[in-house]
Amino acid sequence: MAHRIALFFLLILVIICFIGPLVIEAGEYEIFYDGTGTKILSLQESTSQHPLGTDRNGRDVFVRLLYGGRLSLLLAAGVMLLQTLIGICAGLLAGYAGKKTDLVIMRIVDVFNALPDIVVILILSALFMAYGVSGRERVLMLMVFLAAFGWTFIAKIVRSQVLYTRGSSYMMAAELCGIPALRRLFVYLLPNVLGQVVVAIPISIGNIILTEATLSFLGFGLPYPYASWGNMLNEAMDYNILANHANVWFPPGLLIVLTVMAFHLVGQGLQKGVFSDE
Amino acid sequence: MFSLEREEKKIRGYIVKRIIIGVFVLFVLSLLLYALIRIMPGDYVQNSVAGSGRFTAQAKEQMIRSYGLDISIAEGYMQWITNSIRGEFGTSFLYKRPVTQVIGDGLFTTLLISVTALAIQLLLALFLGIRSAFKTGIKWKLCFNTLTVLSVSLPVFFVALLLQKWLALDIALFPLQGQVSLKYEYTGALYIADVMNHLALPIITLVLTGVGATARYIEKHTEQILASDFVFGAIARGFGRKQITRYHVLPNLRVLLAVIIGREIPGLLTRTLIVEEIFALNGLGTSVFAGLAMGDIPLIMGFSVLLAFIVLLSALFEDIAYALSDPRIRLDKGGAYYGT
């Protein structure tokens, strides 16, 4: 039941976040002025024009929520795609290529697993900020960094599944028929492994969103001028906004929690569905 | 044939092997990091001089030389590694003090918060996890599941801000930020109480965001223990819930706890650094974030080495705990991954 609600919530969220910015004419960095056009409408309470009010720089909080959600979801999907690709290749290689390769790959997995991803990405991001990389490139950079830390668990799943299936009789039959190794890997082995990977994906997407939000909050994630749920919360580091203007920082925080939770619940539902059928 | 002596020797050899791999990884990581910092065009001198016209080209050159930024990357790295093997990590550009001192000052607060939080988190997770494993009602399970998922999904900074808003501003139960009261100078027991009062919110934040995953882990393993034959036998002999917990569940969870601790450390460290930043504590986080932004090479390098050291140590801790917990895990074939 819970995972159905979660799936419904995610669907609604995706629809709103992707259609919203197309319908609304205001940009994510549009600053609103009052009637005379001279004074910035900063830190407004909610009105009919700005349902969640405006932030310190006079930007509409609701509009930024939509843009931020779109970017966060897109980024998470991109990272997921990238890390699944790396993870599957590494896992297949580790499981199939032999003991030495296996050992080396598993040691690399070991190192990446042990490093605190956020701190390392922080150091890297700070370096690239000093380098003066542009905003768009930093979004791509962030995707690569996140994927570089995310592929390990997929590699582990794939590897253990490969070890499990490689001894089966149909694999032996395929080998005896003279089917080349690459084809055996991708056509015979991969489909058997994919189910396990798919089940792990939603929870991983949730974690990517959480990590991205944390980095953005600290100012090392999605860069200016992009809106992101994480960097919207950064405004609450200001005492006045924290104390008196909850409408600026509470909605993005709540959305992060709900979204990540929904992804976790959907992941649990998938796991239950897949593993109880067996 | 199983012989205890040979197993012990095997474990010792395994540990030595892991330490050698760890040192090698540490070496590679530090080299990569040093090269990366030096390749970047903006260096510390540029960052610190920026905006003030007081410095002549000559003075800048002198600064670059005094910070050792004029030599090549290979040379600089050789210098750094030979010094750091002797335990000299250089002087922080930003704080003008030895790096070990800067890090040491921050480390105390960081350790105080994280160790306290970890202890509370483990106790709470043990209590909740074991309790939940005994329950079979659907309502309890649903509640437990939702709460642990919530805890896993909570961003550290959002919890910190919510607690600040609610407990520090609206109710004024705890101070908003800082490590000690600046208004009064407490001594002795009052000083300790004052510090604990200031550290309460950071610790609560860490516990709330960490307890979910741990409780879930403990619940899952307790359920496995409860499903085993020896527990069935214990129930048949008329053991109650308390006795089963004490004589069967807790001893079997002992090694798992070590694994959990080893696994928690990297994440806990990250969360502690963020919490320190938000609550303005004089921990490692604050000084390191400042050093990062300025390109303070000795400080970043020193911190990274410390980080890598802690992380490798905790991974080692986890692996050894695994190996000790289950002799079936084949140590000679690359460690714990083969067992799971």
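First to last, the protein sequences are chains A and B. For the first sequence, position 272 (counting from the first letter as 1) is numbered 272 according to this note's numbering, and the numbering increases by one without interruption. Residues are numbered in this note's numbering as their position in the second sequence, beginning at 1, plus a constant of 278. By construction, the Cβ of each residue, glycine as well, lies at the ideal position given by its N, Cα and C atoms.
Which runs of the alpha helix (DSSP H) spanning at least 4 residues fall entirely within the stretch 141-220 of chain A, listed in chain order?
You should have 169-176, 190-217.
Quick check: the stretch 529-549 of chain B against the stretch 395-405 of chain B, are at least 3 beta-carbon pairs closer than 8 Å?
Yes, since at least three Cβ pairs between the stretch 395-405 of chain B and the stretch 529-549 of chain B fall closer than 8 Å, the two stretches touch.
Pick helix, strand or coil for P223(A), following the three-state DSSP scheme.
Looking at P223(A) - three-state DSSP - the assignment turns out to be coil, as it is neither helix nor strand.
Report all residues from its chain with a CB closer than 7 Å to the CB of E501(B); omit the five preceding and five following residues, and keep chain order.
Contacts found: A411.
When you compare only the Cα positions, how much space is there between R183(A) and M172(A)?
So the two alpha carbons sit approximately 13 Å from each other.
Using only alpha-carbon positions, find the residue among P116(A), I121(A), G87(A) that is nearest to I105(A).
Among P116(A), I121(A), G87(A), the Cα nearest to that of I105(A) is on G87(A).
Express the C-alpha separation of A395(B) and Q161(A) in angstroms, rounding to a whole number.
Straight-line Cα distance between these residues: approximately 37 Å.
Would you call the stretch 260-274 of chain A and the stretch 418-436 of chain B touching, i.e. three or more CB-CB distances under 8 Å?
Touching, yes, given that three or more Cβ pairs across the two stretches are closer than 8 Å.
Is the distance from the Cβ of G135(A) to the Cβ of P225(A) below 8 Å?
Cβ distance < 8 Å, so G135(A) and P225(A) count as in contact.
Using a Cβ-Cβ cutoff of 7 Å, what residues of the stretch 445-466 of chain B are near chain A? List them in chain order.
Answer in chain order: L447.
Roughly how many angstroms lie between the CA atoms of V533(B) and I416(B), to the nearest whole one?
Roughly 30 Å separates the two Cα atoms.
So that I know if they touch, is there some Cβ in chain B lying closer than 8 Å to that of H261(A)?
For the sequence presented, residue 261(A) should be read as Met rather than His. Yes, because at least one Cβ of chain B sits closer than 8 Å to the Cβ of M261(A).
Could you name the residues of the same chain whose beta carbon sits closer than 6 Å to that of L10(A), not counting the 5 residues immediately before and after it, in chain order?
Excluding positions up to five away in sequence, the list reads A262.
Around the Cβ of V294(B), are there at least 16 other Cβ atoms within 10 angstroms (buried) or fewer (exposed)?
When all chains shown are included, V294(B) counts as exposed.
Under the rule that 16 or more other beta-carbon atoms within 10 Å means buried, what is K338(B), buried or exposed?
So K338(B) counts as exposed.
Buried or exposed for A335(B), going by 16 or more other Cβ atoms inside 10 Å?
Exposed is the call here.
Whose C-beta lies closer than 6 Å to the C-beta of L122(A) among residues of the same chain, with five residues either side of it excluded?
Same-chain partners within the cutoff: F220.
Look at A26(A) and V63(A) and say whether their C-beta atoms are less than 8 Å apart.
A contact, by the Cβ cut-off of 8 Å.
What are the residues that DSSP puts in a beta bridge with P252(A)?
Bridge partners of P252(A): none, in fact.
What do you reckon, is the C-beta of A97(A) under 7 Å from a heavy atom of the ligand NAD?
Of ligands this structure carries none, so the ligand NAD is not represented either.
Quick one: using the 10 Å Cβ neighbour count with 16 as the cut-off for buried, is E497(B) buried or exposed?
Flag for E497(B) reads buried.
Quick test of your reading: L486(B) and L432(B), contact by CB under 8 Å. State the CB separation rounded to the nearest angstrom.
Right, the Cβ-Cβ distance comes to about 7 Å (below 8 Å), so this counts as a contact.
What residue does the alpha helix (DSSP H) around T424(B) start on, and which one ends it?
It spans 416-431 - the alpha helix (DSSP H) in which T424(B) sits, taken as one unbroken run.
Assuming V509(B) contacts I408(B) (C-beta within less than 8 Å), just tell me the rounded distance between them.
The Cβ separation is near 13 Å, so there is no contact.
Should G368(B) and P576(B) be called a contact, given that it needs their Cβ atoms to be closer than 8 Å?
Yes; because the gap between Cβ atoms is below 8 Å, this pair is in contact.
So, for N192(A): in the same chain, excluding its five sequence neighbours on each side, which residues have a beta-carbon less than 8 Å away from its beta-carbon?
Q161, T165, listed in sequence order.
Evaluate A397(B) with the Cβ neighbour count: other Cβ atoms within 10 Å of its Cβ, from every protein chain shown; 16 or more gives buried, anything less gives exposed.
It is exposed - the Cβ of A397(B) has fewer than 16 other Cβ atoms within 10 Å.
Roughly how many whole angstroms lie between the Cα atoms of F217(A) and F436(B)?
One C-alpha to the other measures close to 9 Å.
Using a Cβ-Cβ cutoff of less than 8 Å, which residues in the same chain neighbour T47(A) once the five nearest sequence positions on both sides are dropped?
Taken in chain order, the residues that qualify are G53.
Taking C-alpha atoms, which residue in L233(A), T211(A), Y239(A), V109(A) lies nearest to I154(A)?
Of the listed residues, the one whose Cα sits closest to I154(A) is V109(A).
L304(B) and V583(B): beta carbons closer than 8 Å?
Contact flag set, yes.
Residue range of the alpha helix (DSSP H) that R4(A) falls in?
Looking at the DSSP string, the run of the alpha helix (DSSP H) that includes R4(A) is 2-23.
Assign S308(B) to one of two classes, buried (16 or more other C-beta atoms within 10 Å of its C-beta) or exposed (fewer than that).
It counts as buried.
Using a cut-off of 8 Å between C-beta atoms, extract the partners of H264(A) located in chain B.
Near H264(A) (Cβ distances below 8 Å), the residues of chain B are V427, V430, S431.
Which residue wins for smallest C-alpha separation from T38(A), given the options G58(A), E45(A), I24(A), P51(A)?
The option with the nearest alpha carbon to T38(A) is G58(A).
Under three-state DSSP, which class holds I38(A)?
The residue asked about is misnamed: residue 38(A) is Thr in this sequence, not Ile. Three-state DSSP puts T38(A) in coil, outside helix and strand.
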